[in-house]
Amino acid sequence: MKIPLAYNLRNLAVRKTTTLMTALGIALSVAILAASLGLVNGLKTVFTGTAHPLQLLVLRKGANSELGSTVPTDAFAILRAKSGAARDSAGEPLASQELVNVANLPSVDNPKGMNITVRGLSATGIEMRSVRLVAGRWFQTGQREVMVGQAVAKRYPSARIGNRIRFGKGDWEIVGVMDGGQSVLTSEIWGNFDQISADYNRQDSSSSVLLRATDPVALDALKHSIEDDRRLNAFAITEKDYYDSQTSSGAPLEFLGIFVAVIMAIGSGFATTNTMYAAVTRRGKEIGTLRILGFSEGSILLSFLAESVLLSALAGILGCLLAMPLNLVTTGIGSMTSFSEIAFRFRIGLTALLSGFAFAIVLGALGGILPARAAARKEILSALRES
Amino acid sequence: MDIVIETKKLSKEYVRDENRVTALKNVDFRVPRGDFLALMGPSGSGKSTLLHLIAAMDRPSSGEVLVLGQELRSLRSRELARWRNAHIGFIFQSFNLIPVLTALENVMLPLKLTALSVKQQSEHATTALQLVELGDRLHHFPRQLSGGQEQRVAIARAIVTDPDFILADEPTGNLDAASANEVLTLLAALNEEHGKTVVMVTHDLHAAHFASTIRHLEKGALLPQGQVPQDWVAAAMTVPVHSRFVGGSEMTAR
Chain A
214 MKIPLAYNLR NLAVRKTTTL MTALGIALSV AILAASLGLV NGLKTVFTGT
264 AHPLQLLVLR KGANSELGST VPTDAFAILR AKSGAARDSA GEPLASQELV
314 NVANLPSVDN PKGMNITVRG LSATGIEMRS VRLVAGRWFQ TGQREVMVGQ
364 AVAKRYPSAR IGNRIRFGKG DWEIVGVMDG GQSVLTSEIW GNFDQISADY
414 NRQDSSSSVL LRATDPVALD ALKHSIEDDR RLNAFAITEK DYYDSQTSSG
464 APLEFLGIFV AVIMAIGSGF ATTNTMYAAV TRRGKEIGTL RILGFSEGSI
514 LLSFLAESVL LSALAGILGC LLAMPLNLVT TGIGSMTSFS EIAFRFRIGL
564 TALLSGFAFA IVLGALGGIL PARAAARKEI LSALRES
Chain B
-11 MDIVIETKKL SKEYVRDENR VTALKNVDFR VPRGDFLALM GPSGSGKSTL
39 LHLIAAMDRP SSGEVLVLGQ ELRSLRSREL ARWRNAHIGF IFQSFNLIPV
89 LTALENVMLP LKLTALSVKQ QSEHATTALQ LVELGDRLHH FPRQLSGGQE
139 QRVAIARAIV TDPDFILADE PTGNLDAASA NEVLTLLAAL NEEHGKTVVM
189 VTHDLHAAHF ASTIRHLEKG ALLPQGQVPQ DWVAAAMTVP VHSRFVGGSE
239 MTAR
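Residue numbers (my numbering), protein chains in the order written: chain A, 214 to 600; chain B, -11 to 242.
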């Protein structure tokens, strides 16, 4: 690179309106791409943040979610007796029989109502999760009381402490708000297993059983033991694998985001090409002069290509700045497996920002190559005659 | 005698609007080292074409141009660019400074192709600008300079690589009389005091007065040394008396 970069930078500054408009076009593509990646990343964080590495989720064979699964109560007794299961301080196995269903609540985004996961579980089930009480109190056994996750409390006006919500056979009083951190638990409503299963006429079965192993070796053994046990007609999946599979909920949005970013990128790529062609035309005399001073065709090509890349780098930074405030946004997405809304926060991290920036650079290089080639190929004499 | 530029039967034809136009025909001439040659002639006489062929900015239709004993047509584009940087200093009528670069940066440009460090480039460029008496304008942009100052920056840029010869295409064409005199005096000083070979294209009799040799072109042909085009004699009568005496023969006026 023989021609100083100051030449390109100052030329970009001289035509600042054109530079800014072109950069803005690319920046929007970058922002959309970074937002799409941030969305999927946020969703993945929520799902992976839910999983405990030593816990197995037991579902009916053939079921792909808790909602579509039925595990009989007698199977729960067999599971509790399996060797390799971790135990609590009282010596009881860490196993939780859980019932999962959905309730419909009007939300901030959707006044007509959105499905929320309702989970019926025991005190052991709560102990097996990383959740803490942030307001009110825990539900009491034998009462029509529920807890709501923090995201539910924020996003659903009717889900405040003291309010009553309707699902199953009647109303339930909200008595507390729990924080599940960056996990799907914060998007759920929890109540007592017996109370909720009675409301849904499921006293003799649950949707799933959560089982904790003592260590990773026991986890594998336990998993095989469950799947080989013909009495159970069930399979076990690690919590991590189960929630990993649910990140597919974000796949259509990710595809849509990338698709829109690419379509916009094609448009802004053409805008870059157009801007750079105009620059080449306007600076014909300068190109001729540089050639006379001894700069080769290659130097001219590199210089104009560098200018296009500098323009897109500026756009890349602008796009990242546009996307970054989304990190403060919490939104919800309908899960295709639980048929309920899962709240999550955009996570536009370094990887998403670098991907967006690299996307801009590639766009600048592709958009600038033809004009740079045209600049390099100008005949000296005809270039000098240009005004 | 050390010959810097030599042309042999040099011709150039263009096709313009399906008509064949002869810009130069069978031009034979030599420029010895240390000469200050003024190429004169009316518009369309072929003087700029000759300059462009010497600088290998254009290709001849026939004949040869030998510069420093080398036929430039044999060089590839990249080699030619390097050659121009090392051997030619070019001065344009409209200065052709890069508007977004300061005077110092403009003069440093040709040095970017050398092995000098940035500090050395800056030192060389500063010296060249001081030589053209613009040492106090190093960080001015072209728009902040007068026409005469711009052309002096262009001269500094042309000499900063210490080229073998300087090609000047109507260097005073865009200047007022006072600035033109400054520029011409500077070119003459470069020739006399620094031994630079200068080939200047001009149609200005006053500018030619600063050269040590004048050659005339008429309709693409180089007139024999000392010969002047007929219509130019009539035109010369209209210029001020102090300039008129220089027209009739090969110049050794200074």
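Glycine is no exception: its CB is placed at the ideal position from the N, C-alpha and C atoms.
Everything numeric in this text was worked out from a predicted model, so none of it was measured.
According to DSSP, is residue i helix, strand or coil?
i	result
B:H191	coil
A:P538	helix
A:R350	coil
A:G216	Per the sequence shown, residue 216 of chain A should be read as Ile rather than Gly. A:I216: coil per DSSP, three-state reduction.
A:P285	strand
B:R232	Reliability fails at B:R232, whose pLDDT of 39 lies under 50, so the model's placement of it is uncertain and the value that follows must be treated cautiously. Three-state result, B:R232: helix.
B:I86	coil
A:Y413	coil
A:D457	helix
A:K498	helix
A:Y490	helix
B:S105	coil
B:H40	helix
A:M477	helix
B:P20	strand
B:H204	strand
A:V390	strand
A:M341	coil
A:D407	helix
B:T160	coil
A:Q363	helix
A:A299	coil
A:F517	helix
B:M96	helix
Have a look at the options and flag the residue whose alpha-carbon is nearest the alpha-carbon of residue i.
i	options	result
B:N73	B:N14, B:V148, B:N84	B:V148
B:K184	B:N14, B:A69, B:F24, B:V15	B:F24
A:G362	A:L398, A:R300, A:Q353	A:L398
A:N328	A:S335, A:L318, A:D322, A:M477	A:L318
A:A303	A:A316, A:T337, A:K274	A:T337
A:T485	A:T263, A:A578, A:G375, A:Y456	A:A578
B:Q137	B:E67, B:L117, B:P20, B:Q108	B:L117
B:D152	B:S36, B:V19, B:D5	B:V19
B:F78	B:I154, B:L205, B:L(-2), B:A196	B:I154
A:E358	A:R379, A:G580, A:G326	A:R379
A:V430	A:V331, A:K257, A:Q268	A:Q268
A:E599	A:T330, A:L563, A:G501	A:G501
B:V88	A:R228, A:L237, A:T286	A:R228
A:A364	A:S296, A:D384, A:E401, A:W351	A:E401
A:Y220	A:N314, A:S516, A:G297	A:S516
B:G214	B:G208, B:R203, B:K207	B:R203
A:I471	A:G262, A:F572, A:L514	A:F572
B:K35	B:A91, B:V15, B:L63	B:V15
A:I291	A:A492, A:V390, A:L445	A:L445
B:A256	B:S49, B:P30, B:L27, B:W71	No statement about residue 256 of chain B is possible, as the shown extent of chain B runs from -11 to 242 and does not include it.
Of all the CB atoms in chain A, is at least one closer than 8 Å to the CB of residue i?
i	result
B:A43	yes
B:S65	yes
B:K100	yes
B:F198	no
B:D192	no
B:A69	yes
B:R131	no
B:F271	Past the edges of chain B, shown from -11 to 242, lies residue 271 of chain B, and the structure says nothing about it.
B:A11	no
B:H112	no
B:R72	yes
B:F24	no
B:L56	no
B:E93	yes
I want to see whether chain B comes within less than 8 Å of residue i, judged by CB atoms only; does it?
i	result
A:G511	yes
A:R504	yes
A:E599	no
A:G507	yes
A:R223	yes
A:E554	no
A:L201	Coverage of chain A is limited to positions 214 through 600, which leaves residue 201 of chain A absent and any answer about it impossible.
A:K591	no
Between residue i and residue j, which are expected to be in contact by the criterion C-beta below 8 Å, what is the C-beta distance as a whole number of angstroms?
i	j	result
A:R415	A:L307	So it is not a contact: roughly 22 Å between Cβ atoms.
B:L85	B:P159	Actually they do not touch by this definition, with Cβ atoms about 13 Å apart.
B:I(-7)	B:V55	6 Å
Requested in this report: Pick out the complete beta strand (DSSP E) segments inside the stretch 306 to 338 of chain A, 3 residues or longer, and give them in chain order.
Outcome: If you keep only unbroken beta strand (DSSP E) runs of at least 3 residues inside the stretch 306 to 338 of chain A, you get 308 to 318, 327 to 334.
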